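Heads up: the structure comes next, in structure tokens.
In mature numbering (1 follows the signal peptide of the UniProt record, and there is no 0), the protein residues as written are -25 to -1, 1 to 88.
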């Protein structure tokens, strides 16, 4: 199962590389920078995947010129801190922008009248 996840991430990165070679510099980021950011994003996702308490499906990762933005909903403050710490250790990460939020403990009850 873990091999399938890692293979999926690798194939996603490979696809991003293929798309990057065809794209224009819409956001003023050169192809080389885009490829570097794609590699950083993939490494961050792999680091998150490697942590048993974090879910790569719950955390969105975007990178622009080495600045990694983490967003999504996680279970605890500890998960947020762990994700930020793991991300900051990845080579190529200049800084981490944390936009993750905590999931609510329980959904609010709805009254049916």
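No residue lacks a Cβ here, since even glycine has one placed at the ideal position from N, Cα and C.
As the structure is a prediction and not an experimental result, all values here were calculated from the model.
Who are residue i's beta bridge partners in DSSP?
| i | result |
| --- | --- |
| residue 38 | 43 |
| residue 49 | 77 |
| residue 71 | 43 |
Looking at C-alpha atoms only, which residue of the options is the closest neighbour of residue i?
| i | options | result |
| --- | --- | --- |
| residue 33 | 45, 16, 40, 72 | 45 |
| residue 67 | -9, -17, 13 | 13 |
| residue 58 | 39, 35, -18, -9 | 35 |
| residue 39 | 17, 53, 50 | 17 |
| residue 43 | 20, -21, -16, 51 | 20 |
Please work out which residues of its chain come closer than 7 Å, Cβ to Cβ, to residue i, disregarding the five sequence neighbours upstream and downstream, and give them in chain order.
| i | result |
| --- | --- |
| residue 76 | 48 |
| residue 50 | 78 |
Looking only at its chain, what residues have a beta carbon closer than 8 Å to the beta carbon of residue i, apart from the 5 residues adjacent to it on each side?
| i | result |
| --- | --- |
| residue 41 | 11, 12, 15, 67, 68, 69, 70 |
| residue 53 | 28 |
| residue 37 | 16, 43, 44, 46 |
With C-beta atoms as the reference, is residue i less than 9 Å away from residue j?
| i | j | result |
| --- | --- | --- |
| residue 55 | residue 28 | no |
| residue 62 | residue 22 | yes |
| residue 24 | residue -21 | yes |
Counting contacts by CB-CB distance shorter than 9 Å, is residue i in contact with chain C?
| i | result |
| --- | --- |
| residue -17 | Considering every chain present, this structure includes no chain C. It has just one protein chain. |
From residue i to residue j, what distance separates their C-alpha atoms?
| i | j | result |
| --- | --- | --- |
| residue 26 | residue -9 | 25 Å |
| residue -11 | residue -18 | 10 Å |
| residue 30 | residue 65 | 17 Å |
Within 8 Å: the Cβ of residue i and any heavy atom of the ligand GDP?
| i | result |
| --- | --- |
| residue 51 | You won't find the ligand GDP in this model; it holds no ligand whatsoever. |
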